[in-house]
Amino acid sequence: MKCSIAFFFILFSLQQLVAQTAHVDSLLQLIAVERDDAKRVDLIISIFSPEFETDPGLIIETGRQLLNQAENNEDLISEAVAYSFFGHGYRLSGNSIEGLNYHIKARQLAEKCGNESILALVKSQMAHIYKDREENGKAIQLYMEADAHANKGTNKIMTVWPLVNAGAVYLNANRLDSALICLQRGYEHSLQLKYENQLAYILTNLGGVQSKLGNTALAVTYYHMAIAQALKNKSYRYENLAYTGLAEHYNSLQQIDSCFWYAKKAVRVVENSVFSYLSMKPASMLTQLYQYTNCDSTLKYARIVKVANDSLYNRQAIQQIQLMTFEEDMRQLEEAKEKELQEYQRQQNIQYALLALSIITVVSLFLILSHSFITSERFIHFFSVVAMLMVFEFLNLVLHPFLGNITNHTPALMLLWLVCIAGLLVPLHHKLEKWATEKLVEKTSGCGWRWPGRQLKSWVVKWMERRKMINRAKIPFKNHQKPTHIHLENPPQIPLQIPTKRPGLV
9 MKCSIAFFFI LFSLQQLVAQ TAHVDSLLQL IAVERDDAKR VDLIISIFSP EFETDPGLII
69 ETGRQLLNQA ENNEDLISEA VAYSFFGHGY RLSGNSIEGL NYHIKARQLA EKCGNESILA
129 LVKSQMAHIY KDREENGKAI QLYMEADAHA NKGTNKIMTV WPLVNAGAVY LNANRLDSAL
189 ICLQRGYEHS LQLKYENQLA YILTNLGGVQ SKLGNTALAV TYYHMAIAQA LKNKSYRYEN
249 LAYTGLAEHY NSLQQIDSCF WYAKKAVRVV ENSVFSYLSM KPASMLTQLY QYTNCDSTLK
309 YARIVKVAND SLYNRQAIQQ IQLMTFEEDM RQLEEAKEKE LQEYQRQQNI QYALLALSII
369 TVVSLFLILS HSFITSERFI HFFSVVAMLM VFEFLNLVLH PFLGNITNHT PALMLLWLVC
429 IAGLLVPLHH KLEKWATEKL VEKTSGCGWR WPGRQLKSWV VKWMERRKMI NRAKIPFKNH
489 QKPTHIHLEN PPQIPLQIPT KRPGLV
């Protein structure tokens with residue numbers, strides 16, 4: 009009878025696995041042909057389900073297939089998510105070192121592609137490593153960064169994940185007010201979006217908060233709701249977490265029988281599975297409870313604790329994770345400094361361009377409005393071309409970051425955008441050039457000064473000689489008498505010829 013039950017259970021599990029694999033394969037095919045980034049992100053996030061997360065092997069295999077597609081299609085978004093799948097699968101298998109290594113690679117690719125929803129996904133998954141190891145400060149930092157990215161992104165489901173997990177970390181750190189705020193917001197978002205994948209986890213943590221606040225009845229209600237939701241989703245990982253939380257709640261109330269019951273269920277539900285490391289907490293409780301009453305059970309659960317602890321907290325793993333975390337922090341600092349330097353240089357270039365543009369504008373206005381400076385049409389044409397180039401360069405400096413985000417820094421697409429901008433500038437430049445030329449020609453023709461340089465100099469010399477001869481003919485003042493002028497019989501006649509046409513001009 010027992011063999012028959014076990015056989016049917018295995019057969020049912022295989023059917024569920026085959027159905028889930030077929031569902032994932034269909035989503036991967038849609039991702040491969042989808043060209044819209046927002047829709048592709050939605051398809052990627054829809055892969056996550058309670059059934060999907062119960063099988064780390066399936067998660068890693070999905071990541072491998074997605075990586076092959078990404079390399080063929082040169083898709084940075086899918087490539088980043090593929091490495092995140094690797095990290096998530098290894099983490100669920102208990103190998104946090106390998107998981108963190110893949111998450112760091114996924115984060116680098118996500119930052120390169122710049123998609124906000126993917127950044128939220130990758131950072132949220134990476135923070136799970138630190139949450140499992142109870143490194144609360146680093147986990148909270150990553151979850152808050154993921155929440156900021158999720159609010160800027162297009163996929164609304166991603167607004168749930170960081171809040172829920174941040175609430176769990178705040179709960180572990182006994183920051184109950186912050187935990188309650190994050191969990192309630194995540195619960196509200198889940199209900200609004202009709203997203204049930206995280207409900208069991210949210211309800212478990214809400215039960216933990218109410219238990220520590222002393223609201224016993226409300227805490228038990230939340231825990232039983234979480235267990236029911238986990239059974240509905242067939243997620244024995246979340247079922248384990250709900251049983252463990254309920255056992256801790258009864259242990260804090262000194263209700264030993266209830267604590268025994270739920271702690272054993274928590275150990276049993278993940279026994280001989282890839283989630284066996286989750287049995288560490290309930291097994292530790294059982295070890296403490298049995299130490300004075302049942303030595304055999306104490307040894308049994310102590311052995312379970314040791315195995316789970318060795319897989320998660322051995323000395324070499326701690327040192328390696330600390331080293332990888334330090335290297336990733338240093339990389340982030342270097343990238344931040346490089347971005348600051350690039351932004352500073354860009355601001356300087358914009359200031360230089362604005363300065364040059366201001367000078368050209370002032371000189372152009374001077375040429376147009378001045379009535380005492382004469383210029384040629386050739387100079388007008390040359391100056392207008394320089395002005396157009398400066399305006400184009402200024403627009404290039406200002407719009408470069410925006411165009412980079414739109415085109416993903418693809419040279420061909422950026423060139424196409426710049427050609428379009430130039431196509432708008434050229435007609436405008438021709439109109440301005442024609443208007444400026446007409447204004448200057450009109451001003452020049454209205455002014456009487458059309459002399460060539462040599463003729464102007466000759467006229468000035470003759471005019472000065474005439475003034476000198478007139479001054480010599482005057483009689484100086486004597487004894488305060490009025491001056492008398494000598495009238496010359498034949499005064500010198502110096503004709504004043506003012507040219508009316510400028511040679512060489514039409």
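For what it's worth, the numbering used here labels the leading residue of the sequence shown as 9, then goes sequentially.
Where a beta carbon is used, it is the ideal one built from N, C-alpha and C, also for glycine.
Cβ-based burial, residue i [other Cβ within 10 Å; buried from 16]
i	result
Y138	buried
C267	buried
R43	exposed
P419	exposed
N80	exposed
R99	buried
L7	There is simply no residue 7 to check, as the chain begins at 9 and stops at 514 in what is shown.
S366	exposed
Q200	exposed
I264	exposed
R462	Per-residue confidence for R462 stands at a pLDDT of 48, beneath the threshold of 50, marking its modelled position as unreliable; no derived number is given.
I85	buried
L349	exposed
L423	exposed
E247	buried
M134	buried
R323	Because the pLDDT of R323 is 49, which lies under 50, any placement of that residue in the model is unreliable, and the number read from its coordinates should be weighed accordingly. R323 should be labelled exposed.
P435	exposed
P290	buried
L432	exposed
R339	exposed
H96	buried
H438	exposed
T62	buried
W169	buried
G222	exposed
L38	exposed
E342	exposed
I112	buried
S198	buried
P460	Note on P460: pLDDT 48, under 50, position unreliable in the model; no value is reported.
M288	buried
Supposed contact pair residue j and residue i - C-beta distance, whole angstroms, cut 8 Å
i	j	result
I126	A88	6 Å
G253	Y231	6 Å
L5	V217	Only positions 9 to 514 of the chain appear in this structure, which leaves residue 5 out of reach.
P64	S101	4 Å
F60	I52	Not quite, the Cβ-Cβ distance comes to about 12 Å (not below 8 Å), so this is no contact.
A234	A250	4 Å
G589	F94	Lying outside 9 to 514, the shown extent of the chain, residue 589 is not represented and no answer is given.
V275	Y244	V275 to Y244, Cβ: 12 Å. No contact.
Y151	S132	7 Å
K272	L294	7 Å
Given 8 Å as the limit, is there contact between the region 99 to 112 and the region 398 to 414, that is, 3 or more CB pairs closer than that?
In short, these stretches do not touch, since the Cβ pair count stays below three.
For the region 181 to 189 and the region 155 to 170, state whether three or more C-beta atom pairs, one from each stretch, are separated by less than 8 Å.
No, because fewer than three Cβ pairs between the region 181 to 189 and the region 155 to 170 fall closer than 8 Å, the two stretches do not touch.
Within the region 147 to 220, ranges of the beta strand (DSSP E) (whole runs, at least 3 residues):
Here no run is fully enclosed.
Complete alpha helix (DSSP H) runs within the region 233 to 296 (minimum length 4 residues, chain order):
Fully enclosed alpha helix (DSSP H) runs of 4 or longer: 244 to 260, 264 to 277.
Do the region 139 to 147 and the region 115 to 123 make contact, defined as three or more Cβ pairs closer than 8 Å?
Verdict: no, contact absent.
Okay, do the region 224 to 231 and the region 191 to 198 touch, 3+ Cβ pairs below 8 Å being the bar?
Taking a cut-off of 8 Å for Cβ pairs, the region 224 to 231 and the region 191 to 198 do not touch, as fewer than three such pairs fall below it.
Jot down the residue ranges of each uninterrupted alpha helix (DSSP H) in the region 36 to 120, minimum 4 residues, whole runs only, in chain order.
45 to 53, 64 to 81, 84 to 100, all fully within the region 36 to 120.
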